[in-house]
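Residue numbers (my numbering), protein chains in the order written: chain A, 1 to 115; chain B, 1 to 112.
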C-alpha cells in the first residue's frame, strides 16, 4: 500500500510570506503528526491531528498551524516566515493503537528554505 | 519537561556489535521507541519497549529499564547499510497531552 505522501518536496520562500504543506497519510491511519527537523534542534513535535481535531500540540508559536480533513489528509501552515523556519518538515501517520507507542510512518518530508 | 540523552556519534566495523544508549527524563512515561534515518531519508520505526526487558527483531534488539530511565538499541552483525542516524523517542503525558519527544540522534558510522 502507498506510504505517507508529502507535497511539495522542496520549497523556497521569502521572509514574511506564508506557506502551506500537505500530507496524505497511509490509508486507514487517522492520526497525523507534524515535526520540524533541523541540524541544531533535531526532531521537534509540532502537532498531532486525529479525526479532524488537534489532539496534541508542541511548543511552537501560533504562526504554525494545521488542520486535518475528513479523509485524514492534513495540511500545516506557517505564516510570516522567518529565516529560522528553514527546516525539513516531516509528517507521520499512525494507526493510533496505543498512546504510548510512537510507532509512526514518516513521509519523505518537505524541505523548506526561507530566504 | 521531557529530555533524552544519546551519544552524538558511534563508530564500528562491519560484522561487529554496537550498542546505542538512551537515557530519559520524563513524566507519565509510556514507552521508548527507536527510529533509523538515512541521510536524505525519512525516519523509519525500528522498535518499541513499553515494559522492562529485551525485544529482539532480527539483527536489532532494544532494551528498556524503567527504574533506571534507560534503554539501548543493540545492532548485531553490522552492515555498511546500517550507517545512519538512530533516534530514541518517548511519548509522555503532560497536562493531559501526550507529546512525543525525540533524542538528538546518534550517527552510526560503519567502517569496512
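Ideal Cβ placement from N, Cα and C applies to all residues, glycine included.
Local Cβ density within 10 Å of residue i, reported as buried at 16 or more and exposed below that
i             : result
residue 69/A  : exposed
residue 59/A  : exposed
residue 77/A  : exposed
residue 43/A  : buried
residue 32/B  : buried
residue 84/B  : buried
residue 103/B : buried
residue 2/A   : exposed
residue 21/A  : buried
residue 61/A  : exposed
residue 26/A  : buried
residue 13/B  : exposed
residue 52/B  : exposed
residue 71/A  : exposed
Closer than 7 Å to chain A by CB, residue i
i             : result
residue 104/B : yes
residue 63/B  : no
residue 86/B  : no
Chain B contact for residue i (CB, 7 Å cutoff)
i             : result
residue 117/A : Given that chain A is displayed from residue 1 to residue 115, the structure contains no residue 117/A and the question cannot be resolved.
residue 88/A  : no
residue 68/A  : no
residue 43/A  : yes
residue 106/A : yes
residue 56/A  : yes
Beta-carbon proximity list for residue i, same chain, < 6 Å, skipping 5 on both sides
i            : result
residue 54/A : 47
residue 11/B : 109
Own chain partners of residue i with C-beta closer than 8 Å, once the 5 adjacent residues on each side are dropped
i             : result
residue 109/A : 6, 9, 37, 88, 89, 90 and 91
residue 28/A  : 95
Beta-carbon proximity list for residue i, same chain, < 7 Å, skipping 5 on both sides
i            : result
residue 82/B : 75, 108 and 110
Residue i: CB within 6 Å of a non-hydrogen atom of the ligand MN
i            : result
residue 17/A : Among the components modelled here there is no ligand, and therefore nothing to report on the ligand MN.
query: If we count Cβ pairs, one from each stretch, closer than 8 Å, do we get three or more for the region 64-81 of chain B versus the region 16-28 of chain B?
result: yes
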